[in-house]
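Read the structure below first, then the notes.
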Amino acid sequence: MRALVARRLDGPDALELIETPVPEPGHGQVRIKVAAAAVNPVDLAVSTGGAVQYGVTAAREQFGLGWDVAGTIDAAGPGVDLVEGTAVIGLADLLGRPLKTHAEYVVLNADAVAPAPRNLDLTAASTIPLNALTALQALKTVRLTLGKFVLVTGAAGGVGGYAVEIAKHFGLTVIASAAAEDEELVRRLGADHFVSRTEDLTAGVQAIVPAGVDGLVDAAVIGVGAQEAVRNGGQHAHVQAGPTPPHLRDITVHQIFNHANRADLTELVVLAEAGAITTRVADTYPLQEAAQAYKRLANGGVRGRLVLIP
Numbered sequence: 001m002r003a004l005v006a007r008r009l010d011g012p013d014a015l016e017l018i019e020t021p022v023p024e025p026g027h028g029q030v031r032i033k034v035a036a037a038a039v040n041p042v043d044l045a046v047s048t049g050g051a052v053q054y055g056v057t058a059a060r061e062q063f064g065l066g067w068d069v070a071g072t073i074d075a076a077g078p079g080v081d082l083v084e085g086t087a088v089i090g091l092a093d094l095l096g097r098p099l100k101t102h103a104e105y106v107v108l109n110a111d112a113v114a115p116a117p118r119n120l121d122l123t124a125a126s127t128i129p130l131n132a133l134t135a136l137q138a139l140k141t142v143r144l145t146l147g148k149f150v151l152v153t154g155a156a157g158g159v160g161g162y163a164v165e166i167a168k169h170f171g172l173t174v175i176a177s178a179a180a181e182d183e184e185l186v187r188r189l190g191a192d193h194f195v196s197r198t199e200d201l202t203a204g205v206q207a208i209v210p211a212g213v214d215g216l217v218d219a220a221v222i223g224v225g226a227q228e229a230v231r232n233g234g235q236h237a238h239v240q241a242g243p244t245p246p247h248l249r250d251i252t253v254h255q256i257f258n259h260a261n262r263a264d265l266t267e268l269v270v271l272a273e274a275g276a277i278t279t280r281v282a283d284t285y286p287l288q289e290a291a292q293a294y295k296r297l298a299n300g301g302v303r304g305r306l307v308l309i310p
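Following this line, the structure appears as structure tokens:
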């Protein structure tokens, strides 16, 4: 099979599309024939060596690429309750694997996959797992109750957009921060209030809720500058694997590095089928043109996800 890997960690120009044996699932694992796999900023970070520099994975001779996947189970190991032929979405959440989802086949633990939304094609479904799972787990971690105020930074992005939608589903009051030109988009996603990222974020938020928000999902990774908009004793979800901001004013900071599990993926599938979360495919590329997709993502300005099709 063909698989995309990074060996020299020199960015998109150094990516290699290799021929390698089709992997076999072991106990508790499934093999997925990949229909679509989204490209995410974390893939760029791996390809450039940033993930190694951050210390979130060890140096290796070869890194597989791709976290998101949608496809069909074509083989299952012992101890698996999913049957061959099932359309699924899944997440390869371990950075250091030599082969991942930017390939024709991928083997994942069965708990890292769930039956795909019945009302979405697999290209659209492939954009859900990484970003929506990160948003869901961030919101579950900050544990805000009905009607509480949550600030979402980077609200027009992959994680931020899902955080806005899921927060509204949870009954929260959402203040969204993004570029001024994205206000219409984030309000359509469900934001109750909007603060342009060119404004003073704390002042903008306090004009809406003077005491500060109850919780923060910092998808733009602003750090302390966003935490200043949180009330004393509030909750801060830091959506990055790097160093966490300080716990100022008795604010609890949670470092969010998502983990695949079927329960959360299934919850997202239910939300997708109900229309509570939406997918955004910016464009598709054949697997052999993966470097072009990576370069386009690196250049910025992509709204939605670029998706590789084997």
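With the first letter of the sequence shown counted as 1, position 19 gets the number 19 in my numbering; the numbers rise by one all the way through. Note that the Cβ used here is the ideal one computed from N, Cα and C, for glycine as well.
query	result
Report the partner residues of R118 according to the DSSP bridge assignment.	For R118, which the question treats as bridged, DSSP gives no partner whatsoever.
Could you tell me the alpha carbon to alpha carbon distance between A87 and Q235, rounded to whole angstroms?	37 Å
Using a Cβ-Cβ cut-off of 8 Å (strictly less than) and excluding sequence neighbours within five positions of D111, which residues of its own chain qualify?	G28, A260, N261 and R262
Using only alpha-carbon positions, find the residue among V46, H238 and A274 that is nearest to L151.	H238
In the DSSP assignment, find the unbroken alpha helix (DSSP H) run with V159 in it and report its ends.	G158 to H169
Is it right to say P245 is buried, meaning 16 or more other beta carbons lie within 10 angstroms of its own, or is it exposed?	buried
Among residues of its own chain, excluding the 5 on either side of G66, which ones have a beta-carbon nearer than 6 Å to its beta-carbon?	A37, K100, T101 and H102
Given a cut-off of 9 Å, decide if Y294 and D81 are closer than it, judged by their beta-carbon atoms.	no
Alpha carbon to alpha carbon, what distance is there between Q62 and G171?	44 Å
Using a Cβ distance threshold of 8 Å, determine whether the segment 248-257 contacts the segment 177-186, with at least three qualifying pairs required.	no
Considering R187, what are the terminal residues of the alpha helix (DSSP H) in which it resides?	E183 to L189
Give a yes or no on whether the C-beta atoms belonging to I32 and G96 are separated by under 9 Å.	no
Under a three-way DSSP split, which group does L248 fall into?	helix
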